[in-house]
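First the structure, in the form of structure tokens, and then the observations on it.
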Amino acid sequence: MASVSEQTQAPLTDISDRVRAKEKVRDFGLGVLQNIPKVLQSISNSSHKQDVKDWETNLQNLKRTSQSREILVGVQGETGLGKSSLLNELLQNEIAPTSQEEACTAAVCIYAYNHEMGEKKRYMAKITFKSWSAVEAELDGLKGDLADPDNHHEAQGDEPDPDGAWTYYSDRHIDMVCSWSGLDEEDVRRLSSVEIMEKGKFNKIRGIGTKIPSDEKTCSKIITASNAKQFKKILKPFAQSSNLGSHQAQYWPLVEQIEVYVKASVLRHGIRLVDLPGSQDALSFRAEIAETFQDRLAKQIVVTPAARAGDNKSAVDLVFTENELMKFHLDNTFGADSLCVAITKIDDIDTRDAADEFPTEKIIELHSRLRDSPLEESQGGESGSDTEGYNRVRIKPKSQDKNRRISSTSLRDAKRQKADSHEVDEPTATARLIAAQLADGDGIEETMQEGEALLTYLCVQERNRRMVQNVAESLLKAAKRHSSSQSLASSIPSVFPVSSKAYNYVKNGREFDGFPTPNSTGIPALGAWLTATSLPIREEWVDNDLHHIQVLSDAVHGWTQDDFNTLPVLTPDEKKKVKQAVQEICDGLKNITTKLKNKIQLQLISMAPLRKKSLKKTATIKANETGEDQLEKSFNSLKQAAKAWTRKNPRGQASSARKQEKLHWSTYKASIRRYGGLYRTVPRKGAARRTFNWMADVHTSFWRGHHEKWQTTFSRNFPTLRDKVRGSARLAFDRWIKILLDDEELPVSFLDMVRKNSYKMENIFTFYTDKILAGIDSLRSKALRMSKVDVMNTLVKEMKPGFEAALTQSGRGIMKKQSGEISRHVENVGFGMFEMVRDDLEVKLREEVHQVILATRRYWQDPKEGCGVMMQKEFKRISTRLCANRTNNDEGTGINEETEKKLVELIGVWQKEWQQVEARLPQSAPLVAFDENDDGDDAGNEFAKEDEIALKTEPGESEE
């Protein structure tokens with residue numbers, strides 16, 4: 034078995050080195066443990082075989098868990114900005130659909146690592162189809178959208194369909210339905226949604242037979258291929274939206290999600306890249322798919338083109354809306370470890386006016402050498418030589434690369450060598466070399482081409498520097514506006530200028546002007562960000578795995594003891610003590626878990642997520658707990674937002690930079706007809722749809738007054754709470770097992786059996802702890818969802834009467850009348866509406882805390898699946914084996930000396946390898962635990978009445 038020992042014994046202070054070393058030794062340990070069952074195949078003793086079987090099941094669970102973990106990273110942005118091309122380069126595989134005029138990615142595509150072996154399954158995908166009800170709802174929405182009169186009147190230029198935008202939009206949707214249903218355009222327009230699905234090929238495509246219209250279940254199919262070309266061909270009808278007018282069968286409108294499994298190194302350790310449909314797609318339902326997937330993402334890569342990021346007036350306004358920024362901060366995902374901006378298409382650059390656009394000393398010098406007198410002098414002062422020389426260096430020959438003279442070989446080699454080493458003086462040195470060659474008249478054409486490539490490189494680098502600076506400064510300002518502390522605002526998303534096209538050329542050994550090395554394309558840096566941000570998560574995973582491996586190896590070591598094969602005969606008095614001890618042990622563990630539950634309850638109920646008042650029920654509210662200042666701040670923000678809705682760029686929504694231009698009356702009316710909800714205008718052909726969402730502004734206004742307390746609770750306090758739960762549980766178990774094993778009154782044979790099976794008990798307690806932590810994580814996720822969905826639902830309900838009143842207005846000056854109605858409604862109900870939202874959210878959070886506490890109790894006390902029952906069964910199994918009347922002993926084969934020797938050798942190999950890595954690890958931080966003096970009694974009766982009601986509805990649950 035190959036060793037994974039490191040050659041150097043330097044301390045593993047760098048997290049990258051440390052995680053890789055741990056993962057290597059983890060994989061090595063799993064390989065060692067895989068051999069244990071083979072060594073024990075000769076055992077036939079039934080009791081011992083059961084121990085080995087349980088141990089092997091535990092090992093298989095560990096392997097399965099290590100391969101199923103995931104870190105979802107979304108790649109998103111408007112349609113046509115190169116998301117799929119970027120994904121292909123990150124994956125080192127041409128899998129994602131690209132290079133089409135229309136949007137390519139039709140459904141959410143999740144790219145995960147392929148653990149399957151065998152050439153035929155080298156590429157694999159799981160296609161999940163939408164349910165009947167989901168497709169029916171989309172068809173209903175489509176028909177309603179096509180029939181909406183506002184769509185006929187409001188076009189991109191506020192004119193009635195000036196360039197056929199509505200016709201184009203309508204035809205796209207009709208062709209989309211025709212492509213999968215097999216029906217013609219007339220049928221699609223005439224038939225109802227259900228009739229289209231019944232007469233079309235809906236169920237045939239899904240391959241599930243006839244289903245009733247109320248069916249809400251999805252279905253899936255698996256496809257495999259041995260090579261990328263074949264795989265893309267099979268996958269194309271399900272994933273790629275193109276050539277709708279060809280009337281070829283395409284099934285992507287029916288696809289909900291595609292999981293693609295490939296052997297890409299970036300995915301090996303749990304990262305899953307998610308290609309989302311364009312958020313500004315001309316087909317609105319695809320954009321909505323991207324929006325609904327947001328809550329599942331752990332990290333995000335937001336794609337924006339260089340042309341947009343270079344505009345320092347709108348560097349961030351056109352990357353993130355105000356509403357998106359608020360959501361990022363509520364979720365605590367607006368930071369370098371969770372979010373990055375990928376500036377694409379940096380290869381699209383014009384160097385004709387480089388000296389004016391990028392006036393650095395090096396660019397001016399090189400631009401002058403390439404554009405001015407040296408070439409004119411070399412041509413003998415011919416008439417028009419300036420123009421001829423300019424044209425000559427701009428146009429690169431298409432077929433002469435292989436036949437080019439080698440006079441500038443040394444120049445290219447020097448340039449690449451310098452670029453690889455990132456030496457600052459490289460451009461100046463190369464410029465001097467070019468000047469010398471021009472002066473000598475040797476290899477002018479080749480030298481000019483090399484000079485143009487270098488000029489492009491310098492211009493790209495200078496523009497990159499400016500774009501990163503513009504975006505970073507704007508992001509920092511945005512962070513300070515939204516964050517509750519300077520420490521949170523100091524961590525802003527990372528920014529990476531990238532060129533997928535240039536990287537594809539350079540990595541395949543082809544030249545691409547301006548990009549001498551792969552690093553210059555930015556793709557490796559983005560890949561490094563993905564790896565770096567995943568390392569803390571991976572370290573937590575691998576630490577759990579190593580702990581699991583250690584307890585499994587300890588169990589094997591216990592089997593090698595002499596008394597494994599024979600169980601001692603206990604005296605009647607010892608049997609009595611063992612049976613009594615089992616009950617006392619289980620009662621003691623129940624008390625430990627009850628104390629832990631009370632501590633968690635006290636921490637959660639003391640949260641103050643929206644104002645200074647906690648979630649505890651109180652008869653009176655103190656003066657400093659009313660939260661009126663926060664409500665006033667939210668109310669003022671709402672009044673400003675309502676005024677801004679009359680302009681083309683309402684705060685945080687429309688992408689137009691012309692913020693002060695008045696909105697067209699029909700667009701304003703269209704938003705009112707949707708009660709301020711999401712409205713996408715009909716686009717001109719090939720253009721993005723303008724988006725309006727007034728209710729998102731109302732939502733943002735509420736959180737402007739409350740986000741600071743919310744961030745403190747769920748971004749700072751929750752991580753600390755998790756650490757305390759894990760630390761307290763671990764310390765409690767360690768104390769309990771030590772006290773038990775040190776009990777001199779219990780039979781030695783019983784304590785030996787407990788010691789040898791302690792790994793099972795530890796795993797049960799760890800399982801219990803993990804369930805609690807999952808419950809706390811679920812509480813946070815539900816809270817974050819409530820901050821969006823529940824808050825929005827209440828706001829929509831309260832704002833609706835104002836929009837209804839505005840709809841009653843008509844005639845000349847309709848927009849002024851409607852805006853007046855909305856402003857009056859905001860003035861009348863705004864403050865009270867926000868107060869209601871806050872109070873409702875506090876009530877719901879309190880109830881969710883109560884559910885977490887009830888679940889924490891169930892995790893241990895549930896009579897069927899509780900961890901307390903699992904622990905009790907384990908102790909009863911041990912006591913039964915010791916206390917049974919063994920007149921007819923199991924005479925099966927146990928562990929002989931040779932088997933024992935093999936086991937000791939295998940465990941020794943693992944221990945040696947692990948100790949070499951363990952010795953290089955930095956000292957671990959001490960466990961964080963709850964204060965021992967704080968037993969949680971203050972919160973013990975907080976949910977007494979609720980518990981009484983809950984217990985009546987849960988007759989199977991035992992009381993404390």
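Each position in the sequence shown, counted from 1, maps to that position plus 33 in this note's numbering. The beta carbon of each residue, even a glycine, is placed where N, CA and C say it ideally should be.
Item	Value
Pair within 8 Å by beta-carbon distance, N126 and A258	no
Coarse secondary structure for D587, derived from DSSP in three states	helix
With 16 other Cβ atoms within 10 Å as the buried cut-off, status of D730	buried
Nearest neighbour of M794, chosen from I940, T90, G901, A652 [CA to CA]	G901
Cβ-Cβ distance between V108 and K935 below 8 Å	no
DSSP state of M1004 mapped onto helix, strand, coil	It is not possible to answer for residue 1004, since the shown part of the chain is limited to 34 through 993.
Where R891 sits in the DSSP three-state scheme	helix
Whole-Å CB distance - F908 paired with I618, under 8 Å assumed	6 Å
Cβ-Cβ distance between K510 and D308 below 8 Å	no
T550 - partner residues in DSSP beta bridges	In DSSP, T550 forms no bridge with anything.
Ordered list of beta strand (DSSP E) runs contained in the region 324-387, each at least 3 residues	332-338, 372-377
Validate contact between the region 757-768 and the region 955-965 using beta carbons, cut 8 Å, 3 pairs	yes
Residues near I525 in its chain [Cβ-Cβ closer than 6 Å; skip 5 each side]	L508, L509, A512
Backbone CA spacing between T489 and L124 [nearest angstrom]	27 Å
Residue ranges of each alpha helix (DSSP H) within the region 705-788, 4 or longer	727-737, 740-744, 751-774
Helix, strand or coil at Q956 according to DSSP, with G and I counted as helix	coil
Rounded straight-line distance, which links the Cα of Y156 to that of M904	43 Å
Proximity to M866 [Cα-Cα], best of G151, M832, T251, N929	M832
Exposed unless 16 or more other CB atoms sit within 10 angstroms - verdict on R845	exposed
L817 vs L363 beta-carbon contact at 8 Å	yes
W743 vs S670 beta-carbon contact at 8 Å	no
Buried versus exposed, by CB contacts within 10 Å (16 or more), A43	exposed
R680 - DSSP class collapsed to helix/strand/coil	strand
N-terminal and C-terminal residue of the beta strand (DSSP E) that F529 is part of	527-530
Segment limits, alpha helix (DSSP H) that includes T257	Taken as a continuous stretch (DSSP letters only), T257 belongs to no alpha helix (DSSP H), being part of the beta strand (DSSP E) at 252-258.
Top-ranked residue by Cα proximity to A565, from S371, D60, N365, D380	S371
Residue from K266, L579, V293, V829 whose Cα sits closest to the Cα of S253	V293
Beta-carbon spacing of S647, A656 below 8 Å	no
Residue range of the beta strand (DSSP E) that includes Y144	141-146
Pick from R713, R813, K681, T724 that is closest to T745, judged by C-alpha positions	R813
Touching by the beta-carbon criterion (3+ pairs, under 8 Å), the region 936-956 and the region 50-60	yes
Sub-8 Å separation of Y284 and I238 beta-carbons	yes
Spatial neighbours of I104 in its chain, beta-carbon cut-off 8 Å, leaving aside the 5 residues before and after	G303, I304, R305, A331, K332, S567, I570
Neighbourhood of L579 by C-beta distance below 8 Å, restricted to the same chain and skipping five residues each side	K55, V58, R59, G62, W947
I911 - containing alpha helix (DSSP H), residue span	900-916
Residue range of the unbroken beta strand (DSSP E) whose run includes R305	304-308
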